[in-house]
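Asks: With this note's numbering applied, the sequence shown covers 7 to 118.
Here a beta-carbon is modelled for each residue, glycine too, at the ideal position from N, C-alpha and C.
Note that the structure is predicted; figures quoted are calculated from it, not measured.
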Amino acid sequence: MKNKRAQVIFYITIFCVLICALLLRFLLIEPRDIGIECTQLFTWVCAIRKAIIDLFVYRLLGITALILAILAYKKSLVFFAKYALILSICGLVLYNPELSSVAFVLSFLKLV
């Protein structure tokens with residue numbers, strides 16, 4: 007990365023994405039009460055929860071992060087590596103460690 011300001015903004019973005027993913031996991035997906043409530047009635051919280059669970063079931067976070075990491079190496083674009091790193095962090099937190107860990111390593115190596 008070229009300048010210090012862009013690096014700081016990128017690190018803050020990564021931190022915010024990590025916090026949001028952790029909050030979604032521990033406050034929305036894992037609690038049993040919310041799961042039971044979502045079987046009885048469908049609210050906006052249940053819609054968000056179902057969308058996140060679908061991301062996990064179909065491995066969309068890991069696949070997308072891996073594709074972006076591979077594109078970052080093929081095209082030599084840091085832009086793809088940044089987004090791959092962000093998506094792989096989300097994938098690691100939100101129950102998709104297989105592909106997300108590979109994408110994390112590839113994108114991290116591209117950024118270093």
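Does Arg119 pass the burial test, meaning 16 or more other C-beta atoms within 10 Å, or should it be called exposed?
Replies: The shown model of the chain, from 7 to 118, leaves out residue 119, and the question about it has no answer.
Asks: Helix, strand or coil for Thr19 per DSSP?
Replies: It is helical.
Asks: Hey, which unbroken runs of the alpha helix (DSSP H) at 4 residues or more fall wholly within the stretch 71–117?
Replies: Those alpha helix (DSSP H) runs which fall completely within the stretch 71–117 and span 4+ residues are 84–99, 103–117.
Asks: Mind checking whether Val6 and Leu72 have CB atoms under 7 Å apart?
Replies: Since the first and last residues shown for the chain are 7 and 118, residue 6 lies out of range.
Asks: Taking Cβ positions, are Leu100 and Arg31 nearer each other than 7 Å?
Replies: Yes. Within cutoff.
Asks: How do the stretch 84–97 and the stretch 61–68 stand: do at least 3 beta-carbon pairs fall below 8 Å, yes or no?
Replies: Contact between the stretch 84–97 and the stretch 61–68 is present, because at least three Cβ pairs lie under 8 Å.
Asks: Would you report the Cα separation of Ile69 and Pro103, rounded to the nearest angstrom?
Replies: For Ile69 and Pro103, the distance between alpha carbons rounds to 11 Å.
Asks: Under 8 Å by Cβ, that's how I've got Leu112 and Tyr79 pegged, so tell me the actual separation to the nearest angstrom.
Replies: That belief holds up - the Cβ atoms of Leu112 and Tyr79 are roughly 7 Å apart, short of 8 Å.
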